[in-house]
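What follows is a set of notes on a single structure, which appears directly below.
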Amino acid sequence: MSNGILVFIEHRNGVLNRTSLEALAGAQLLGSALQESITAVVLGSDVAALAQEIASYDLAKVINATNANLADYTPDGYTDAMEHVVKQLDPQLVLMPHTYLVRDFAPKLAARFGKSLISDCIRAEVAEGSTTFTRRIFLGKLDADVVSDGEAPVFATFQSGAYRPDQAQKGSGAAVEEMTVEVGEIRMTPEDPFQEVKQAVDLSKADIIVAVGRGIKSKDNLALAEKLAEALGADLAASRPICDAEWLPIDRQIGSSGQTVAPKLYVALGISGAIQHLVGMKNSGTIVAINKDPEAPIFDIADYGIVGDLFEAVPVLTEEIKKIKAGA
Amino acid sequence: MKIIVLMKQVANKDAILRINKEATWIEEADLSFEVSESDGYALEEALRVKEKLGGEVVVCSMGPQRVKSVIKDALARGADRAIHVVGDNLGHLSPYATASALADAIRDEKPDLILTGLQSDDYGYGQTGVILAELLGLPHATIVIEVDASGEKLRVKRELESGWYQWYSMATPALLTIQSGISQIRYATLKGIMAAKKKEVKEVTPAAEIVGRPSHQRISKVYLPQKSKQTQLLGNGDAKAGAVELAQKLHTEARVI
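Chain order of the listed sequences is A and B. Following my numbering, the numbering of the first sequence begins with 5 at its first residue and continues without gaps. Following my numbering, the numbering of the second sequence begins with 51 at its first residue and continues without gaps.
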């Protein structure tokens, strides 16, 4: 009989990825609602110190799953190791943070059990002993409640921000269990991770950001946003499609694959607000959105919104701001 | 090098989505469709690898007859032939079932490389490619933004989080999920559009047991997201009036200018 909740703890070279604590917080909330015990697992060749760090949280136990071939992350290595751990523990639920690393191996892990993941959940709620997960679909335009009808284990991942890392409760010291896991052939060879040196712009320090999205329509129209940015004393930034089209350099990109910012004022022009963008700017002080689509998800997090044509609104806004600044 | 590109048709990005009566999905009648964005980049990358190294690009798409428009467009851009996994309601299959149907459709092709987008713009599961690799026994890499297929081993640049990257190498055959923006997507030429009409499109039907197998996850309800903030909407449809109001609010209420 399957029982308990298993939480995957991600790290790089023994340094915790804090999104894991969000998954841990989610697991604790589900654990108390479902009356299931929680086990955390760390994978690596020598991450005993991390296992001890995680043992300070309110958990039944921490599994330090080791194999020499887990020193560097590979999808083959992590899948084999996690398959081993899941089969040993036979949990009801396997919860993971929806990071780029988890996205790389977790579908393969679930496939070993003949199923898929309930991926990228923004929340999970328990009613009458059964869990309903909520996912964003259509790039954030709609939410879907998802239930699992199959046998245990259920595999699910939580989006960054679904829970806060500081929600993870400390405990009285969980036991650490050493587990030597089997890992088969590793078919891919990783090189060292690196950052592009040309990252010239640090938007995380910006006070005011004017960001443009698909709605700007052409590179020539960027001048409109530049004038507004100039009037506001703002830095210019963009959502991914603009950088993909090379209208602005990649170091101006806000979002999960670009920079994470929290200026006091964020003005989103023609940005629909796909979740990959929102995670990079949702902690901004005041958020303004100008977009012609009233259903655009950006309006869910905006303080001020104009539903309408940005080509009409932005020149007027620029002039009005100049007037205010001249008067001040 | 034989490359298979998996491309999914999804609701147009700008389409106004209406939730169906049962609140389990959207109304698909009258909706306009397009290819999922990152799948378009996967095709472009396949065409570039073929231009360098020679070979064949086979596009594979799954869904009802409307999916033919994605296939025709891919053939016009330069894919050599296509496989259409035909069926109604296949969109509701789990990633595992979808990957199972795709595995059956392409297994005998014995491709050197399978490319697809990193996730679809509708369900956004981000799993079908990785599961397919597992079912076919192939190594994989996800969120790829550069492909070097010229060496003895395949070398790919993966995007990590927060501006970090990492190169991986592996033997082919392999499966890669491609990130949007890997390169500039070409337009179809008139010549390409004419040539596409003569290209082979093979239809296959997924096994009944795959389509009929109960899914491990089921959507119980679809709804508009709950707002996390009260948004003040300004201008009441007049963008210019809204802009005047906005400047005042930013100055006197939010006090950010």
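Even for Gly, the Cβ is constructed at its ideal location relative to N, Cα and C.
query                                                                                                                      : result
Per-residue DSSP class, three states only, for F109 of chain A                                                             : helix
Close beta carbons around V130 of chain A, own chain, < 7 Å, minus the five adjacent residues each side                    : L34, A37 and L38
Minimum length 3: unbroken beta strand (DSSP E) runs contained in the segment 11-79 of chain A                             : 42-48 and 65-70
Touching by the beta-carbon criterion (3+ pairs, under 8 Å), the segment 62-69 of chain A and the segment 83-92 of chain A : yes
Host beta strand (DSSP E) of E209 of chain B (start-end)                                                                   : L204 to E209
Check whether K231 of chain A and T322 of chain A have beta carbons under 8 Å apart                                        : yes
Cα-Cα separation between R22 of chain A and E94 of chain B, rounded to whole angstroms                                     : 36 Å
N73 of chain A classed as buried or exposed, judged by whether at least 16 other C-beta atoms fall within 10 angstroms     : buried
Neighbour flag for A297 of chain B against chain C, beta carbons, 8 Å                                                      : Annotation note: the requested chain C is absent from the structure, which comprises protein chains A and B.
Contact set between F12 of chain A and chain B, taken where Cβ atoms lie within less than 8 Å                              : None at all; the shortest Cβ gap to chain B is about 16 Å.
C-beta contact flag for S152 of chain A and V158 of chain A at 8 Å                                                         : yes
Residues within the segment 185-208 of chain A neighbouring chain B, beta-carbon criterion of under 8 Å                    : R191, M192, T193, P194, E195, D196, P197, F198, Q199, E200 and Q203
Proximal residues of chain A, C-beta to C-beta of P161 of chain B below 9 Å                                                : Within 9 Å Cβ-Cβ: nothing; P161 of chain B doesn't reach chain A, min ~17 Å.
Cutoff 8 Å: I156 of chain B Cβ touching any chain A Cβ                                                                     : no
First through last residue of the beta strand (DSSP E) which encompasses K271 of chain B                                   : Q267 to Y273
Residues in the segment 94-113 of chain A having any Cβ partner in chain B nearer than 7 Å                                 : T103, Y104, R107, D108, P111 and K112
Three-state class that DSSP yields for S123 of chain A in the structure shown                                              : strand
Where N70 of chain B falls, given that 16 or more other Cβ within 10 Å makes a residue buried                              : exposed
Cβ pair count under 8 Å reaching 3, the segment 248-261 of chain A against the segment 299-313 of chain A                  : no
Unbroken beta strand (DSSP E) run spanning L152 of chain B, endpoints                                                      : Note, L152 of chain B: premise wrong, no beta strand (DSSP E); alpha helix (DSSP H) at P145 to I156.
Contact set for R68 of chain B: own chain, Cβ-Cβ below 8 Å, skip 5 residues either direction                               : I76 and E77
Burial state of P264 of chain B, where buried means 16 or more other Cβ atoms lie within 10 Å                              : exposed
The segment 298-305 of chain A / the segment 285-300 of chain B touching (three or more Cβ pairs under 8 Å)                : no
For I190 of chain A, three-class secondary structure by DSSP                                                               : coil
Proximity below 8 Å, CB of A4 of chain A to CB of A289 of chain B                                                          : Since the first residue of chain A shown is 5 and the last is 332, residue 4 of chain A is not available in this structure.
Cα-Cα separation between A224 of chain B and L163 of chain B, rounded to whole angstroms                                   : 5 Å
Identified DSSP bridge partners for T161 of chain A                                                                        : A:M100
Residue-chain proximity (E299 of chain A, chain B), Cβ-Cβ < 8 Å                                                            : yes
When A:A115, A:T135, A:I122 and A:S134 are compared against L182 of chain B, the one with the closest alpha-carbon         : A:A115
The ligand MN heavy atom lying under 7 Å from the CB of G90 of chain B                                                     : In terms of ligand content, the structure shown is empty, and the ligand MN therefore cannot be addressed.
Residues of the segment 257-282 of chain B whose Cβ lies closer than 9 Å to any Cβ of chain A, in chain order              : P264, S265, H266, Q267, R268, I269, S270, K271, V272, Y273, L274, P275, Q276, K277, S278, K279, Q280, T281 and Q282
Residues that K290 of chain B contacts on chain A, provided the C-beta gap is smaller than 8 Å                             : E316, A317 and V320
Own chain, CB closer than 6 Å to E253 of chain B, minus 5 neighbours either side, in chain order                           : H134 and V136
Residues in the segment 166-178 of chain B having any Cβ partner in chain A nearer than 9 Å                                : L168, Q169, D171, D172, Y173, G174, Y175, G176, Q177 and T178
Span of the alpha helix (DSSP H), counted from its first residue to its last, around D147 of chain A                       : D147 of chain A -> not in any alpha helix (DSSP H); beta strand (DSSP E) instead, spanning L146 to S152.
Min CB distance E324 of chain A to chain B below 8 Å                                                                       : yes
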